Amino acid sequence: MIGRLFKFHGGIKPDAHKNESAGPAIQRAPLPARLVVPLRQSPRAAATCMVEVGQKVLKGERIGEPEGFLGTAVHAPTSGTVVDIARHPMAHPSGLDTECVVIEPDGEERWIEHAPFDYHAASREESLAWLRDCGIVGLGGATFPSHVKLGKGSGIETLILNGAECEPWITCDDRLMRERAADVLAGANILRELIGARELVIGIEDNKPEAIAAMKEAAAASAHGVKVVAVPALYPAGGEKQLIRVLTGIEIAYGKLGGDYGVQCFNVGTAHAVYRAFAHGEPLISRIVTLTGNVDNAGNWEVLIGTPVEDLLPLARPRADTDRTLLGGPMMGFALPRLDVPIVKGSNCLICASPKLFPPAPPEQPCIRCTECSKACPADLQPFELYWFSRSKNFGKAQEYHLFDCIECGCCSFVCPAHIPLVDYFRFSKSEIWARERDKTAADQARERFEFRNFRQEREKAEKAAKLAAKAAETRAKLAEGTAGDAPAGAAPDAAAAEDRKKALIAAAMARAKAQKAEVQAHNTDNLSPETQAEIDAIEARRRALDAATASAAPTIELNVEPTTEQTAAAPTAGAEPRP
Numbered sequence: 006m007i008g009r010l011f012k013f014h015g016g017i018k019p020d021a022h023k024n025e026s027a028g029p030a031i032q033r034a035p036l037p038a039r040l041v042v043p044l045r046q047s048p049r050a051a052a053t054c055m056v057e058v059g060q061k062v063l064k065g066e067r068i069g070e071p072e073g074f075l076g077t078a079v080h081a082p083t084s085g086t087v088v089d090i091a092r093h094p095m096a097h098p099s100g101l102d103t104e105c106v107v108i109e110p111d112g113e114e115r116w117i118e119h120a121p122f123d124y125h126a127a128s129r130e131e132s133l134a135w136l137r138d139c140g141i142v143g144l145g146g147a148t149f150p151s152h153v154k155l156g157k158g159s160g161i162e163t164l165i166l167n168g169a170e171c172e173p174w175i176t177c178d179d180r181l182m183r184e185r186a187a188d189v190l191a192g193a194n195i196l197r198e199l200i201g202a203r204e205l206v207i208g209i210e211d212n213k214p215e216a217i218a219a220m221k222e223a224a225a226a227s228a229h230g231v232k233v234v235a236v237p238a239l240y241p242a243g244g245e246k247q248l249i250r251v252l253t254g255i256e257i258a259y260g261k262l263g264g265d266y267g268v269q270c271f272n273v274g275t276a277h278a279v280y281r282a283f284a285h286g287e288p289l290i291s292r293i294v295t296l297t298g299n300v301d302n303a304g305n306w307e308v309l310i311g312t313p314v315e316d317l318l319p320l321a322r323p324r325a326d327t328d329r330t331l332l333g334g335p336m337m338g339f340a341l342p343r344l345d346v347p348i349v350k351g352s353n354c355l356i357c358a359s360p361k362l363f364p365p366a367p368p369e370q371p372c373i374r375c376t377e378c379s380k381a382c383p384a385d386l387q388p389f390e391l392y393w394f395s396r397s398k399n400f401g402k403a404q405e406y407h408l409f410d411c412i413e414c415g416c417c418s419f420v421c422p423a424h425i426p427l428v429d430y431f432r433f434s435k436s437e438i439w440a441r442e443r444d445k446t447a448a449d450q451a452r453e454r455f456e457f458r459n460f461r462q463e464r465e466k467a468e469k470a471a472k473l474a475a476k477a478a479e480t481r482a483k484l485a486e487g488t489a490g491d492a493p494a495g496a497a498p499d500a501a502a503a504e505d506r507k508k509a510l511i512a513a514a515m516a517r518a519k520a521q522k523a524e525v526q527a528h529n530t531d532n533l534s535p536e537t538q539a540e541i542d543a544i545e546a547r548r549r550a551l552d553a554a555t556a557s558a559a560p561t562i563e564l565n566v567e568p569t570t571e572q573t574a575a576a577p578t579a580g581a582e583p584r585p
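Quick note: the sequence shown, position 544, residue 549 per my numbering, numbers continuous.
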């Protein structure tokens, strides 16, 4: 069982700003005029569109078929009509487009037929397929497919439910645990059974006393042994590796995951979505979103996936001096380039920012190698070294210094006295490395296709040559046998006999061809109708009559040929004596 708590390296304590939005109960956001549902809900995988423009859809109906190993299904958040299938901007710093299904709600909220899924009566594979078809992913921000994260059903001793919610301003998990603790715990127990864990531990930061009390009450009423642990409020204690370290003392090595050490971590929002999927048969079509910052009505709303941000912000009543909107928290979030982007499964918070609340960052200055970033890094990296390699585009060295172990928590940028946006450099390096790997993979696949094409062509040529050689050898053998049969015993076949044999074979082949042609003509004649045969006979009779008339009318031509000198000299003259 979990005993004493441990510490992880680094971490910071920024102002929490939790009270601004944690007080009001969760509200349901109204239906927008249009829902823009991306078929790509995460960077890892997209879904294949299953609907057409003009099609009527019901709430919870599948509109995207999962693609690939990491794919999950996408569903209609409400009933209505598909009015467009086109590319729209996605909630990403790049502002790039992705294929989306645009649904115009009819306001009726008509559900598809759905029923609970009895995972006890089903196999484990069927239960994982159900999660995949319900579109269940991690709601802590990573949106990793839950059916993949559940693994093989063995090798996990401890399941950790992550309720830390360590980033400032965000309170969606806090309110979820306060109001729906029993459902969250029920989903956690389903995950524990599917993953085969022996114990379940719920980690919550100690600055959420109401959530801790609600989860402890639900755990006491549960028949399963569940332990709720309050962990010190230190950012980023909600990181998977950091929370595992705090609760179990296990240090996850570079390049490893918690599952390699018998520990697995799920978010409380994910557990709640799992419960809804199994207990009610509902796919993931909504999530809790915190609206806070420079607003007059901060709080948490249950928002349908695909709701445009510009339709959601008026619920919080942003103030006049709001100059930008952050998606996510102030540490790991980013400023939205535009407000017509939709809410996706990984969207947990919208912060309205102002120059007073979030002053602009001072100009970037040269790195002084003070190593403050290294002291604050919870992944125990050397961000100042990664910064130099990223800036010089030395991506190989950046990987050697474990660039991909960076969780992009922003602690290094927060403490940097030179105000260097270190995380931006690290994100740039990661994206460049991924892009180059994709290009290399595409080039390798193209080379393999080209090489296989050449191999196939050479193989076909060789097969054709072998067939021709075999046929020629067979012909020569037949010629040799025929020549040997015609020749006297003991005589060797010569070239003339072989040539005669070849001509005989050709003549026999021509005779066979003529016979086959005559047979076909006779067959065609036998199949003619009497009328057609009579018409052919009449044509033939006219042709014979015409030939006869032409022959009889032709004049007789007499040829008067003068004898040549030799003939005249040779002919005897009448009455002349023949020469002796």
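The beta carbon of each residue, even a glycine, is placed where N, CA and C say it ideally should be. Note that the coordinates shown come from a computational prediction; the quantities given were computed from them, not determined experimentally.
Shortest alpha-carbon distance to Glu104 belongs to which of Glu256, Thr53, Arg180 and Ala276?
Here the question's residue 104 lines up with position 99 in the sequence shown. Answer by Cα proximity: Thr53.
Could you check whether Phe283 and Ala132 sit closer than 9 Å to each other, using their CB atoms as the reference points?
To locate residue 132, count along the sequence shown from 1; it is residue 127. To locate residue 283, count along the sequence shown from 1; it is residue 278. Residue identity check: residue 132 is Ser in the sequence provided, not Ala. Contact flag set, yes.
Just grab the DSSP bridge partners of Thr103 for me.
Your numbering for residue 103 matches position 98 in the sequence shown. Answer is His93.
Along the beta strand (DSSP E) that carries Pro43, what are the first and last residues, could you check?
Translated into the one-based positions of the sequence shown, residue 43 becomes position 38. Run containing Pro43: Leu40 to Pro43, per the beta strand (DSSP E) assignment.
Which residue wins for smallest C-alpha separation from Ile356, given the options Ser395, Asn302, His407 and Thr312?
Along the sequence shown, read from residue 1 onward, the residue named residue 356 stands at position 351. For Ile356, the nearest C-alpha among the options comes from Asn302.
State the Cα-Cα distance for the pair His152 and Ala134, rounded to the nearest angstrom.
In the sequence shown, residue 152 corresponds to position 147, counting from 1. In the sequence shown, residue 134 corresponds to position 129, counting from 1. Straight-line Cα distance between these residues: approximately 7 Å.
Should the segment 445-460 be regarded as contacting the segment 415-432, the criterion being three or more beta carbon pairs within less than 8 Å?
no
Assuming Gly192 contacts Ala276 (C-beta within less than 8 Å), just tell me the rounded distance between them.
Counting from 1 along the sequence shown, the entry for residue 192 is found at position 187. Counting from 1 along the sequence shown, the entry for residue 276 is found at position 271. Going by Cβ atoms, the distance from Gly192 to Ala276 rounds to 4 Å, so yes, they are a contact pair.
To the nearest angstrom, how far is the alpha carbon of Gly1 from that of Thr163?
Residue 1 is absent from the structure shown; the chain starts at 6 and stops at 585.
Select from Lys380, Pro319, Gly311 and Ser352 the residue whose C-alpha is nearest the C-alpha of Leu331.
Along the sequence shown, read from residue 1 onward, the residue named residue 331 stands at position 326. When each option's Cα is compared against that of Leu331, the closest is Ser352.
Using DSSP with H/G/I as helix, E/B as strand and the rest coil, what is Arg250?
Residue mapping note: residue 250 aligns to position 245 of the sequence shown, counting from 1. Helix, per DSSP.
On the criterion of 16 or more Cβ atoms from any shown chain inside 10 Å, does Ile562 qualify as buried, or is it exposed?
For the purposes of this step, residue 562 is taken as residue 557 along the sequence shown, with counting starting at 1. With a pLDDT of only 45 at Ile562, under 50, the local geometry of the prediction cannot be trusted, and the value read off the model is given with reservation. Burial call: exposed.
Using the C-alpha atoms, what's the distance from Ile161 back to Ala202?
For this step, residue 202 is matched to residue 197 along the sequence shown. For this step, residue 161 is matched to residue 156 along the sequence shown. Approximately 5 Å between the Cα atoms of the pair.
Using DSSP with H/G/I as helix, E/B as strand and the rest coil, what is Ser291?
Here residue 291 corresponds to residue number 286 of the sequence shown, with the count starting at 1. Note: Ser291 maps to strand in three-state DSSP.
Start-to-end residues for the beta strand (DSSP E) that takes in Thr330
Counted from its first residue, the sequence shown places residue 330 at position 325. Thr330 -> beta strand (DSSP E) spans Arg329 to Leu332.
Look up Ile200 in the DSSP assignment and say whether it is helix, strand or coil.
On the sequence shown, residue 200 is found 195 positions in, with the first residue counted as 1. In the structure shown, Ile200 sits in a helix (DSSP, three-state: H, G or I).
Lys154: CB within 8 Å of a non-hydrogen atom of the ligand FMN
Absence of the ligand FMN is noted for the structure shown, with no ligands found whatsoever.
Do Lys261 and Gly15 count as a contact pair if the criterion is CB distance below 9 Å?
Taking the sequence shown and counting its residues from 1, one reaches residue 15 at position 10. Taking the sequence shown and counting its residues from 1, one reaches residue 261 at position 256. No, the pair does not count as a contact, with Cβ atoms beyond the cut-off.
Rounded C-alpha distance that separates Arg129 from Gly156
Numbered from 1 along the sequence shown, position 124 holds the residue referred to as residue 129. Numbered from 1 along the sequence shown, position 151 holds the residue referred to as residue 156. About 11 Å.
Where Gly15 falls: helix, strand or coil (DSSP)
Translated into positions along the sequence shown, residue 15 becomes position 10. Note: Gly15 maps to coil in three-state DSSP.
For Leu239 and Phe11, the rounded distance between their alpha carbons
The sequence position of residue 11 within the sequence shown is 6, counting from 1. The sequence position of residue 239 within the sequence shown is 234, counting from 1. One C-alpha to the other measures close to 12 Å.
Let me check one thing: in DSSP terms, what residues is Ala358 bridge-paired to?
By 1-based counting over the sequence shown, the position of residue 358 is 353. Paired residues: Arg329.
When we look at the beta-carbon of Tyr259 and count the other beta-carbons within 10 Å, is it buried (16 or more) or exposed?
By 1-based counting over the sequence shown, the position of residue 259 is 254. Classification for Tyr259: exposed.
Burial state of Pro383, where buried means 16 or more other Cβ atoms lie within 10 Å:
Counting from 1 along the sequence shown, the entry for residue 383 is found at position 378. Its Cβ being crowded by 16 or more others within 10 Å, Pro383 is buried.
Put Pro585 into one of helix, strand or coil per three-state DSSP.
Residue mapping note: residue 585 aligns to position 580 of the sequence shown, counting from 1. Bear in mind that the predicted position of Pro585 carries a pLDDT of just 36, short of 50, making it too unreliable to give a figure here.
Straight-line CA distance for Asn167 to Glu405?
Position 162 of the sequence shown holds residue 167. Position 400 of the sequence shown holds residue 405. Going from the Cα of Asn167 to the Cα of Glu405 covers about 30 Å.
Pull up the distance between the alpha-carbon of Ala340 and that of Gln32, whole angstroms please.
The sequence position of residue 340 within the sequence shown is 335, counting from 1. The sequence position of residue 32 within the sequence shown is 27, counting from 1. Rounded to whole angstroms, Ala340 to Gln32 spans 25 Å at the Cα level.
Residue range of the alpha helix (DSSP H) that Cys177 falls in?
Numbered from 1 along the sequence shown, position 172 holds the residue referred to as residue 177. That run of the alpha helix (DSSP H) goes Cys177 to Glu184.
In angstroms with no decimal places, state the Cα-to-Cα distance between Ala21 and Thr295.
In the sequence shown, the residue the question calls residue 21 occupies position 16. In the sequence shown, the residue the question calls residue 295 occupies position 290. Going from the Cα of Ala21 to the Cα of Thr295 covers about 14 Å.
Contact check, Phe455 vs Leu391 under 8 Å by CB: the rounded distance?
Position 450 of the sequence shown, counted from the first residue, corresponds to residue 455. Position 386 of the sequence shown, counted from the first residue, corresponds to residue 391. Between Leu391 and Phe455 the Cβ distance is about 38 Å, and since that is not below 8 Å, they are no contact.
Inter-residue spacing [alpha-carbon to alpha-carbon] between Glu113 and Leu75:
Residue numbering aside, residue 113 sits at position 108 when the sequence shown is read from its first letter. Residue numbering aside, residue 75 sits at position 70 when the sequence shown is read from its first letter. When rounded, the distance between both Cα atoms is 33 Å.
Name the two residues that bound the continuous beta strand (DSSP E) containing Arg49.
Start at 1 with the first residue of the sequence shown, and residue 49 comes out as number 44. It is not in any beta strand (DSSP E) - Arg49 carries neither H nor E in the DSSP assignment.
Just list the residues that DSSP pairs Asn305 with in beta bridges.
Position 300 of the sequence shown, counted from the first residue, corresponds to residue 305. Its beta-bridge partners are Thr295.
Straight-line CA distance for Ala474 to Thr480?
In the sequence shown, residue 474 corresponds to position 469, counting from 1. In the sequence shown, residue 480 corresponds to position 475, counting from 1. Near 10 Å, if we compare the C-alpha coordinates of Thr480 and Ala474.
Since I believe Pro288 is in contact with His80 (beta carbons under 8 Å), could you give me their beta-carbon distance rounded to a whole number of angstroms?
Against the sequence shown, residue 80 aligns to sequence position 75. Against the sequence shown, residue 288 aligns to sequence position 283. About 4 Å separates the two Cβ atoms, so the contact holds.
Can you give me the C-alpha to C-alpha distance between Gly1 and His93, rounded to a whole angstrom?
Look at the range of the chain in this structure, 6 to 585, and you will see that residue 1 is not part of it.
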